[in-house]
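First up is the structure itself, then whatever we jot down about it.
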Amino acid sequence: MSFSIFLQVLIGGLVLGSIYALVAFGLSLVYGVVRILNFSHGTVLVASAIAASVLFGAYAFNPLVITLLLIPPLMVLGYGFYVLLLDPLFRRSSAEMTVGTVLVTVGALLILSDLAAVLAGTSIRGIQVEGPLFVIGDVIVSATNLAIMLGIALLVFVIHYILRHTWLGCAIRAVTQDELGARICGVRSRTIRAATFAFSYAVVAVAAVFYAMSYPVDPYVGLSLTVKAFTVIVLGGIGNLPGSLAAGLFLGTAEAFTAFFAGTAWAPAVSILLLLVILVLLPRGALNRKWWRKWQTG
Amino acid sequence: MRPGIRSYALIAICTFGTLTSIAPAAARIGSCTDPVVFGTTISATGQFSVNADRWVKMTQVFEEEINKRGGIKLAGCSGKSVPLKFVIYDDQSNPTNAVSLTEKLVTVDGVDVLVGPDWTPIGFPVSPIPDKHKIPDVLGNVSALQIFQRGFKYIFGAPTPSVFVWSDRYFDLLAKEVNPPKSIFFVVQDNLFTKDVVASAEKKAQQSGMKVVGNELFPADTKDFSSIVLRMKAANPDVIYISSFDAPALPLINQMRQLRVTAKSVHSVYATGKMIKAIGKNMEDITGVMQWLPSLTTPYSNLVKDVLEKSDVDWTDYLFTVGRLNAYIVMLQAIEKAGVVDREKIRDALAQNTFPSPVGDVKFGENGYAVMQAFSTQIQDGKIVAVGPQDQVSGRLRYPAPTWQ
């Protein structure tokens, strides 16, 4: 394997992995704070990506503008989804809450898929942005992929800043660490959980535009994205954002190199195998909660 | 205490209700007044709906158009015409739903004949039902030959094109070129249908003098194709053959362009209008197939044009649309040939006759399967152009493909 081929495969894996991480961020945030596995997460992303594609097709808006347009309604959707459908379940018993959240989020997944199909049709869509190619020796990198990776890096920085240096971020971390303690300090945990949902859906808006720029979307691919996001957050540690980023990048490159050496048909097996290994050896995730606490407290 | 008259009446009503609800509704055999009822399930929602957008509306428009044109002529009713009626259910792309809904169509709705469903994963479990109830069924978009090799007498398939001859006309075109291609690289989605297409295409390519220099299999949700593309570049084939449904093929084609893959010809089993809308000029010069073209003057082409226009379905977007309409047209003709609404006579008419159709003559073999060809196409200047067979179309194949050099 020559160095240029190694680099080319690595770049493909990093692009793929950064998309995986981006998809997983919102899910990790929600689970870390609200303790709900949102099965409709991928479908919300896909529906948002379809909306972004429709806006791009109809008005030729810049993807950045589309992102800014999508963030407010998605935040309202996230807030409303939590307050109206999920929060009432917190007043139930633990078993009822668990079953209820699964039913509600799976129901939302089904309704949203079909709603997107009815409103926007079932055609495959995407945001096709033509950009230059950078050629370094035998290695080719597209400007679009570079922009996506830089955008994701910027997003990680922004999320980190919000969580570390804003009142909202401090409140989210407080509720994650000790909800009762946070409430004693005057933090309304219910409001913070709803705000976390809203914040995670804002992240979904960004992820949706990046995803639509990279891959085609149709209303029924959301569940497979949610499953991939689950894999990433389990690998990286549930509720651990740096862990999700590292896990996503690791998974993407592992799949890319497996595809090169063993064949593309074997690439999905890598994520299953890694999941099994991590669950057995490091059930709290490869980047476990000790690191997360260290990162949180500084 | 002896039961009174009210009790006997109640028992009688309950018995009657039970018997009528479980007894299969009888077909309107020999009726010259009732509409002929086609029963069908369509994947209006779920994973297969991406290939069947607006087909419910299209079917309703088809019904209206046939009735506007006088309905179905029955020779056995002194040449009288009766209207057509559809009973349509959404199987939600779910085989279990399709089975129960098909049973319902026959036993509760009492339809006269069946058309569809579509797609092999749904067609397979539904296929025993027509024989069980002795009701003829024409399947327009079920490709697996195994379904028709089980001795069923009441199902008839005319998938267009058939997997065995999917790209035959494309290979025939290549063979006539001055410098025909010498090598071919296959990229195949891991799916029964796409693998069946490649199995036949590989044989045809070898018969045409091409050496197979690569055969890569990928799962449908693959996003990163850099490994496959790098192996493709290393093999340097003359022809790249992509056997995949449209959505999984799009990131592959994009990455082939990004990594500057070159070839004399790139062929995709799917090369549809919606792929052009999704990735624009990256689809340029890619060849594909289409069963039907608006420029054709084949029988019922005007009907197809009217139906597609009125239901706002773009014929280029969904490869199997005309196959669906073709199933309706073949069944209509079978009923007219039978001359009467009699399931046995309609079944015999399907088995014994040749049916002119917009996609060519349909003649079912002994196993109920009709082998159908398609036109070769190429995307030229952003449009789908028919390029073969050369004696039937005006377009010409661009070879070597300019934008892939």
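Read top to bottom, the protein sequences are chains A and B.
Read left to right, the first sequence gives residues 4 to 301 (the numbering used here).
Read left to right, the second sequence gives residues -2 to 402 (the numbering used here).
C-beta atoms are modelled at their ideal positions from N, C-alpha and C, and glycine is treated no differently.
The structure displayed is predicted, hence computed values, not measured ones.
*Can a CB atom of chain B be found closer than 8 Å to the CB of THR169 (chain A)?*
If you number the first sequence from 1, residue 169 (chain A) lands on position 166. Interface criterion not met: the Cβ of THR169 (chain A) is under 8 Å from no Cβ in chain B.
*Which bits of chain A does LYS342 (chain B) rub up against, with CB to CB less than 7 Å?*
For this step, residue 342 (chain B) is matched to residue 345 along the second sequence. Going along chain A, no residue has its Cβ under 7 Å from LYS342 (chain B), so there is no contact; the nearest lies around 38 Å.
*Taking one C-beta from the segment 189 to 206 of chain B and one from the segment 162 to 169 of chain B each time, how about it: are there three or more such pairs within less than 8 Å?*
yes
_Neighbour-count burial assignment, TYR62 (chain A), 16 or more Cβ in a 10 Å radius_ = Taking the first sequence and counting its residues from 1, the one referred to as residue 62 (chain A) is at position 59. The residue is exposed, with fewer than 16 neighbouring Cβ atoms inside 10 Å.
*Please list the partners that LEU117 (chain A) has in chain B, where partner means a Cβ-to-Cβ separation under 7 Å.*
If you number the first sequence from 1, residue 117 (chain A) lands on position 114. It should be noted that the sequence gives Asp, not Leu, for residue 117 (chain A). What ASP117 (chain A) touches in chain B: THR42.
*Tell me whether the beta-carbon of PHE213 (chain A) lies closer than 8 Å to the beta-carbon of ILE151 (chain A).*
Along the first sequence, read from residue 1 onward, the residue named residue 213 (chain A) stands at position 210. Along the first sequence, read from residue 1 onward, the residue named residue 151 (chain A) stands at position 148. A contact, by the Cβ cut-off of 8 Å.
*Same chain, Cβ closer than 7 Å to ALA208 (chain A), neighbours up to 5 away in sequence not counted*: Within the first sequence, residue 208 (chain A) is the residue found at index 205, counting from 1. Within the same chain, and ignoring the five residues on either side of ALA208 (chain A) in sequence, the residues whose Cβ sits closer than 7 Å to its Cβ are SER51, THR70, LEU73, ILE74, LEU77.
*Please state whether DSSP places THR219 (chain B) in a helix, a strand or coil.*
Within the second sequence, residue 219 (chain B) is the residue found at index 222, counting from 1. Looking at THR219 (chain B) - three-state DSSP - the assignment turns out to be coil, as it is neither helix nor strand.
*Got a sec, what are the start and stop residues for the beta strand (DSSP E) PHE182 (chain B) sits in?*
In the second sequence, counting from the first residue as 1, residue 182 (chain B) sits at position 185. 180 to 186 is the span of the beta strand (DSSP E), which, as asked, contains PHE182 (chain B).
*Would you identify the three-state DSSP class for ASN212 (chain B), choosing helix, strand or coil?*
Here the question's residue 212 (chain B) lines up with position 215 in the second sequence. Correct three-state label for ASN212 (chain B): strand.
_Top-ranked residue by Cα proximity to ASP285 (chain B), from B:THR351, B:LYS230, B:ILE376, B:THR56_ = As a working note, residue 285 (chain B) is residue 288 in the second sequence. For clarity, residue 285 (chain B) is Gly in the given sequence; the question names Asp instead. Residue B:ILE376 is the option with its Cα nearest to GLY285 (chain B).
*Alpha carbon to alpha carbon, how far is GLY301 (chain A) from ASN243 (chain A)?*
Numbered from 1 along the first sequence, position 298 holds the residue referred to as residue 301 (chain A). Numbered from 1 along the first sequence, position 240 holds the residue referred to as residue 243 (chain A). Because the pLDDT of GLY301 (chain A) is 47, which lies under 50, any placement of that residue in the model is unreliable, and the question is left without a value.
*Taking three-plus beta-carbon pairs below 8 Å as touching, is the segment 220 to 239 of chain A in contact with the segment 49 to 63 of chain B?*
Touching, no.
*State buried or exposed for GLN288 (chain B), treating a residue as buried only when at least 16 other CB atoms are found within 10 Å of its CB.*
Within the second sequence, residue 288 (chain B) is the residue found at index 291, counting from 1. The residue is buried, with at least 16 neighbouring Cβ atoms inside 10 Å.
*Tell me, please, whether the segment 351 to 360 of chain B touches the segment 249 to 262 of chain B by the rule of three or more beta-carbon pairs shorter than 8 Å.*
no
*Whose CA, out of A:THR125, A:GLN131, A:LEU87, A:VAL12, lies closest to the CA of THR194 (chain A)?*
By 1-based counting over the first sequence, the position of residue 194 (chain A) is 191. THR194 (chain A) has its Cα closest to that of A:LEU87, out of A:THR125, A:GLN131, A:LEU87, A:VAL12.
*For TYR214 (chain A), which of helix, strand or coil comes out of DSSP?*
Position 211 of the first sequence, counting from 1, holds the residue named residue 214 (chain A). Helix at TYR214 (chain A).
*What span of residues does the beta strand (DSSP E) with PHE137 (chain A) cover, start to end?*
If you number the first sequence from 1, residue 137 (chain A) lands on position 134. Start and end: 136 to 139.
*Does the beta carbon of THR259 (chain B) sit closer than 8 Å to a beta carbon anywhere in chain A?*
Here residue 259 (chain B) refers to the residue found at position 262 when the second sequence is read from its first residue. For THR259 (chain B), the answer is no, since every Cβ of chain A falls outside 8 Å of its Cβ.
*Between the segment 27 to 36 of chain B and the segment 99 to 107 of chain A, are three or more C-beta pairs nearer than 8 Å?*
no
*Could I get the ranges of all uninterrupted alpha helix (DSSP H) runs contained in the segment 53 to 103 of chain B, with 4 residues as the minimum, in chain order?*
none
*Whole runs of the beta strand (DSSP E) within the segment 118 to 175 of chain A, excluding any shorter than 3 residues*: Entirely contained in the segment 118 to 175 of chain A, the beta strand (DSSP E) runs reaching 3 residues are, in chain order, 136 to 139, 142 to 145.
*In chain A, what lies closer than 7 Å to SER223 (chain B) by C-beta?*
Within the second sequence, numbered from 1, the residue matching residue 223 (chain B) stands at position 226. What SER223 (chain B) touches in chain A: GLN11, VAL12, GLY15, ALA259.
*Terminal residues of the beta strand (DSSP E) in which PHE372 (chain B) lies*: Counting from one through the second sequence, the residue named residue 372 (chain B) turns up at place 375. From DSSP, the beta strand (DSSP E) with PHE372 (chain B) extends over 372 to 377.
*In angstroms with no decimal places, state the Cα-to-Cα distance between PRO125 (chain B) and LEU102 (chain B).*
As a working mapping, residue 125 (chain B) is identified with position 128 in the second sequence. As a working mapping, residue 102 (chain B) is identified with position 105 in the second sequence. Whole-angstrom Cα-Cα distance: 14 Å.
*asked:* Considering only their Cβ atoms, is the gap separating ILE181 (chain B) from ASP221 (chain B) smaller than 8 Å?
replied: Numbered from its first residue, the second sequence carries residue 221 (chain B) at position 224. Numbered from its first residue, the second sequence carries residue 181 (chain B) at position 184. In this structure, ILE181 (chain B) does not lie closer than 8 Å to ASP221 (chain B) by Cβ.
*Step through the CB atoms of chain A and report whether any lies within less than 8 Å of the CB of ALA95 (chain B).*
Counted from its first residue, the second sequence places residue 95 (chain B) at position 98. Not one chain A Cβ lies under 8 Å of ALA95 (chain B).
*Quick one: is GLU306 (chain B) near chain D, going by C-beta distance under 8 Å?*
In the structure shown, chain D does not exist; the protein chains are A and B.
*Considering only C-alpha positions, which residue in the set B:SER373, B:PHE372, B:ASN350 is nearest to TYR366 (chain B)?*
Counting from one through the second sequence, the residue named residue 366 (chain B) turns up at place 369. Of the candidates B:SER373, B:PHE372, B:ASN350, the one whose C-alpha sits nearest the C-alpha of TYR366 (chain B) is B:ASN350.
*So is VAL384 (chain B) buried or exposed if we call it buried at 16+ other beta carbons inside 10 Å?*
As a first step, residue 384 (chain B) is located in the second sequence; it is residue number 387 there, counting from the start. Result: buried.
*Simplified DSSP state of MET78 (chain A), which is helix, strand or coil*: By 1-based counting over the first sequence, the position of residue 78 (chain A) is 75. Reduced to three states, the DSSP call for MET78 (chain A) is helix.
*Would you say ILE460 (chain B) reaches chain A, if we count a Cβ-Cβ gap shorter than 8 Å as a contact?*
No information on residue 460 (chain B) is available, as it lies outside the stretch -2 to 402 that chain B covers here.
*GLN255 (chain B) versus chain A: which residues are under 7 Å apart at the beta carbon?*
On the second sequence, position 258 is the one that residue 255 (chain B) refers to. Ordered by position in chain A, the residues that pass the 7 Å Cβ test against GLN255 (chain B) are LEU136, ILE143, SER145.
*Pick helix, strand or coil for ILE39 (chain A), following the three-state DSSP scheme.*
The count along the first sequence starts at 1 and reaches residue 39 (chain A) at position 36. Correct three-state label for ILE39 (chain A): coil.
*Assign PRO291 (chain B) to buried or exposed, taking buried as 16 or more other Cβ atoms, counted over all protein chains shown, within 10 Å of its Cβ.*
The residue given as residue 291 (chain B) occupies position 294 in the second sequence. PRO291 (chain B) should be labelled exposed.
_Close beta carbons around VAL270 (chain B), own chain, < 6 Å, minus the five adjacent residues each side_ = Within the second sequence, residue 270 (chain B) is the residue found at index 273, counting from 1. As written in the sequence, residue 270 (chain B) is Gly, which differs from the Val given in the question. If we look at GLY270 (chain B) and ignore the five residues flanking it on each side, its Cβ neighbours are ASP311, THR313, ASP314.
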